[in-house]
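Chemist: One line per chain: the protein sequences are A and B, in this order.
Per the numbering used here, residue -18 is the first one in the first sequence, and the count goes up by one each step.
Per the numbering used here, residue -18 is the first one in the second sequence, and the count goes up by one each step.
All C-beta atoms, glycine included, are put in the ideal place defined by N, C-alpha and C.
Just so we're clear, the structure is a prediction, and the values are computed from it rather than from any experiment.
Number of protein chains: 2
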Amino acid sequence: MWIPIQLNEQSAEPMYHQIEVQLRALIVSGQLAEGTLLPSIRELAQTLKCSVITIRRVYQDLENEGLLRTKQGTGTYVAKVGDEMRDIHRRSSVIEALEAAVDAGVRVRCSDEEMMEMLRDILQRRRNANGT
Amino acid sequence: MWIPIQLNEQSAEPMYHQIEVQLRALIVSGQLAEGTLLPSIRELAQTLKCSVITIRRVYQDLENEGLLRTKQGTGTYVAKVGDEMRDIHRRSSVIEALEAAVDAGVRVRCSDEEMMEMLRDILQRRRNANGT
DNA sequence: TATACTGTATATATCTTTATACACAGTATA
DNA sequence: TATACTGTGTATAAAGATATATACAGTATA
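(1) Excluding five sequence neighbours on each side, which residues of the same chain lie with their C-beta closer than 8 Å to the C-beta of residue 11 of chain B?
(2) Taking only the alpha-carbon atoms, compute the straight-line gap between residue -4 of chain B and residue 31 of chain B and give it to the nearest angstrom.
(3) Kindly give me the distance between the Cβ atoms of residue 25 of chain A and residue 59 of chain A, rounded to whole angstroms, as I take these residues to be in contact under 8 Å.
(4) Using the Cα positions of residue 57 of chain B and residue 16 of chain B, report the straight-line distance between them to the nearest angstrom.
(5) Is there contact between the stretch 41 to 51 of chain B and the stretch 40 to 47 of chain A, where contact requires at least three CB pairs shorter than 8 Å?
(6) Just the C-alpha distance for residue 158 of chain B and residue 91 of chain A, rounded to the nearest angstrom, thanks.
(7) Spell out the partners DSSP gives residue 52 of chain A in its beta bridges.
(8) What are the residues of the stretch -1 to 11 of chain B that lie near chain A, defined by any Cβ-Cβ distance shorter than 9 Å?
(9) Check this for me: beta carbons of residue 76 of chain A and residue 99 of chain B, under 9 Å apart or not?
(10) At a cut-off of 8 Å, would you count residue 41 of chain A as near the ligand GTP, judging by its Cβ distance to the nearest heavy atom?
(11) Please return the same chain residues whose Cβ sits closer than 7 Å to the Cβ of residue 2 of chain B, not counting the five positions on each side in sequence.
(12) Starting from residue 28 of chain B, trace the alpha helix (DSSP H) both ways and give me its first and last residue.
(13) Check residue 18 of chain A in the structure and name its three-state DSSP category.
(14) Can you tell me where the alpha helix (DSSP H) holding residue 78 of chain B begins and where it ends?
(15) Helix, strand or coil: how does DSSP classify residue -14 of chain B here?
(16) Is residue 12 of chain B helix, strand or coil when you go by DSSP?
(17) Run the CB neighbour count on residue -8 of chain A, radius 10 Å, all protein chains shown included, and call it buried at 16 or more, exposed below.
(18) Leaving out five residues before and five after residue 71 of chain B in sequence, what residues of the same chain have Cβ atoms less than 7 Å from its Cβ?
(19) Using Cβ-Cβ distances below 9 Å, what residues of the stretch 34 to 46 of chain B are close to chain A?
(20) Does DSSP put residue -6 of chain B in a helix, a strand or coil?
(21) List the endpoints of the continuous alpha helix (DSSP H) containing residue 112 of chain A.
(22) Out of B:5, B:-14, B:0, B:33, point me to the one whose CA is closest to residue 62 of chain B's CA.
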């Protein structure tokens, strides 16, 4: 009943958002299986040293996205997400971010080749950093 | 003395930020040459239907980045930016956005190839959309 | 049915972001 | 030097984001 979420206190990114992003990724990438019972809002709040209301917000947001299913008095579970839906969710977060990058590129007159090369470089650099 | 800036009223993105992003791109991509006299803060404020203070903030932010040079009583000019500096500025906005996309990809276990393909698709789709 | 868990709803505190008004100060020039 | 432009500094309004406490309501089960 423990889930791997790490909060970065230094970051300007708000707690609720850090939690949402990480929990969404865990569900959508299949690391948390359908039907898994999540920690109660009080338990997770204690673990992450924040208020119950903050966790509540996260669970509610993800339920509105169809990723969680919640039942008062019982708990909050990972919802059944069709394979198609899961892949859409999974890819859309990445695609949205890439679209933003392309917007930035267009504004400064980056060629398509230049952008592809930039991405290649970034991926390569990370692979090396991890391999060390 | 007119510069092509378009505000999207619908967007949640604040005015000052929309203006900054577009003006920065114009300078850094060389579309506004060094020494160009920009519209006065009052003139641009009137054009964009916002307060003088909002424009002032934009000019000040970009001056702090070294992209503008301003002289009280005279006006605000595009600063001299070394070719290297310009290219760093130009590329960094795109690279930052791409890094964010890669972060998103890593979280949902996207392979490198998958990400490259996503970017290729987006670029292709845009090329077709514009070609029409 | 008592109790010890679940989630829920309302109301509010705090901080940050965004945008503004208005009085002030420098510069050019008729 | 009057005036009509430039940018500047201070102070503040308004809205939104973030996080919270506290009282309430449903569920399981000893």
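Modeler: With the structure as the only source:
(1) Residue numbering aside, residue 11 of chain B sits at position 30 when the second sequence is read from its first letter. Short of 8 Å from the beta carbon of residue 11 of chain B, and not among the five residues preceding or following it, lie these beta carbons of its own chain, in chain order: 67.
(2) Here residue -4 of chain B refers to the residue found at position 15 when the second sequence is read from its first residue. Here residue 31 of chain B refers to the residue found at position 50 when the second sequence is read from its first residue. Approximately 8 Å, taken between the alpha carbons.
(3) For the purposes of this step, residue 25 of chain A is taken as the residue at position 44 of the first sequence. For the purposes of this step, residue 59 of chain A is taken as the residue at position 78 of the first sequence. Not confirmed; about 14 Å, so no contact.
(4) Locating residue 57 of chain B in the second sequence gives position 76, counting from the first residue. Locating residue 16 of chain B in the second sequence gives position 35, counting from the first residue. Approximately 9 Å between the Cα atoms of the pair.
(5) no
(6) With chain B covering -18 to 113 only, the question about residue 158 of chain B has no answer from this structure.
(7) The residue labelled residue 52 of chain A in the question sits at position 71 within the first sequence. BP columns for residue 52 of chain A point to A:56.
(8) 2, 3, 5, 6, 7, 9, 10, 11
(9) Counted from its first residue, the first sequence places residue 76 of chain A at position 95. Counted from its first residue, the second sequence places residue 99 of chain B at position 118. Contact: yes.
(10) The ligand GTP is not part of the structure shown, which contains no ligands of any sort.
(11) Counting from 1 along the second sequence, the entry for residue 2 of chain B is found at position 21. For residue 2 of chain B, where only same-chain residues beyond five positions count, there are no Cβ hits under 7 Å.
(12) The sequence position of residue 28 of chain B within the second sequence is 47, counting from 1. 22 to 29 is the extent of the alpha helix (DSSP H) around residue 28 of chain B.
(13) On the first sequence, position 37 is the one that residue 18 of chain A refers to. Residue 18 of chain A: strand per DSSP, three-state reduction.
(14) Within the second sequence, residue 78 of chain B is the residue found at index 97, counting from 1. Bounds of the alpha helix (DSSP H) holding residue 78 of chain B are 64 to 88.
(15) One-based indexing of the second sequence puts residue -14 of chain B at position 5. Residue -14 of chain B: coil per DSSP, three-state reduction.
(16) As a first step, residue 12 of chain B must be located in the second sequence, where it is residue number 31. Residue 12 of chain B falls in the coil class under three-state DSSP.
(17) Here the question's residue -8 of chain A lines up with position 11 in the first sequence. Exposed: under 16 other Cβ atoms inside 10 Å.
(18) For this step, residue 71 of chain B is matched to residue 90 along the second sequence. Same-chain partners within the cutoff: 9, 10.
(19) none
(20) As a position in the second sequence, residue -6 of chain B is number 13, starting the count at 1. Reduced to three states, the DSSP call for residue -6 of chain B is coil.
(21) Sequence index remark: in the first sequence, residue 112 of chain A carries index 131 (1-based). Residue 112 of chain A -> alpha helix (DSSP H) spans 93 to 112.
(22) Residue 62 of chain B sits at position 81 when you count from the first residue of the second sequence. Ranking B:5, B:-14, B:0, B:33 by Cα distance to residue 62 of chain B puts B:5 first.
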